Amino acid sequence: MFDYRENLLKALKANTPHIEAIKILYELLIDGAKKNCLSSVWSPFGFSIIYLNPPTSTDIVRLHIWLSNMRPKQVPDWPIHFHSWTLYSRILCGSVTNNIYEVQQNRNGDRELYQAKYINNNSSTLESTGVRVSCKLLKSKTYHAGQSYFVKPGEYHSVDAGENMLCATLVLMTDQNSDIPCIVGDVNHSNDYTYEREILDGERSLKIINELSATLSNIYF
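Going by our numbering, the sequence shown opens with residue 8, and the numbers climb by one from there.
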């Protein structure tokens, strides 16, 4: 299992052609399903996360999977955020729209910045900074299977997955800096929130993995 993870990380960092990365991922998923050693959690943004990076790696490799009929989001639903990582995302199936925003400090702004702090892989908090901002959509672009995009550290973005279809991305997060990630929230809300990422049991994780594996097989092999 760890050999597959190491090979996948190397392939992603070397910007290996899409189909070669897919082959490694597919073998990893099949092996993980047989050994029942892959687990997933729900993101507050409505998708399942499966962690695939080697345990000693400082880089992060994840699968983001949006199911066609179930995308629960936590409340409040504030999707605009930035990462302290460089994020590379390969679209495996379905479609994903990446939205880029300009966020500027504005004491009369109708939005407010919250800092995101991670307790562990399954829990995080949002804490109000008291900083008012204005938020403007700069551009949106939709990507399909076989395409990829990247998001720079500190760049505010949100993601929309195609409706009524299984959508999945393979994500590499690397070169982390010391910035605390921020989320654009609404004004006049609570000063802090806690987001708990639901850990999916083995049966539900396996069902998601098998559905994705079958979809990848139909598309690429």
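Note that the Cβ used here is the ideal one computed from N, Cα and C, for glycine as well. Predicted model only: the values in this text are computed from it and were never measured.
Per-residue burial, Ile126 [other beta carbons within 10 Å of its own, 16 or more giving buried]: exposed
Run of the alpha helix (DSSP H) containing Ala221, from where it starts to where it stops: 209–227
Boundaries of the beta strand (DSSP E) in which Glu119 is found, first to last residue: 118–127
Spatial distance of Ala28 from Ala175 (CA atoms): 14 Å
Helix, strand or coil at Glu13 according to DSSP, with G and I counted as helix: helix
With 16 other Cβ atoms within 10 Å as the buried cut-off, status of Pro51: buried
Exposed unless 16 or more other CB atoms sit within 10 angstroms - verdict on Arg114: exposed
Reduced DSSP secondary structure (H/G/I, E/B, other) of Asp38: helix
CA-to-CA distance, Lys17 to Asp208, given in whole angstroms: 29 Å
CA nearest to the CA of Asn184, picked from Glu162, Gly39, Asp38, Asn76: Glu162
Counterpart residues of Asp167 in DSSP-defined beta bridges: Thr104
Beta strand (DSSP E) segment containing Ser46, residue limits: Run containing Ser46: none; DSSP gives neither H nor E here.
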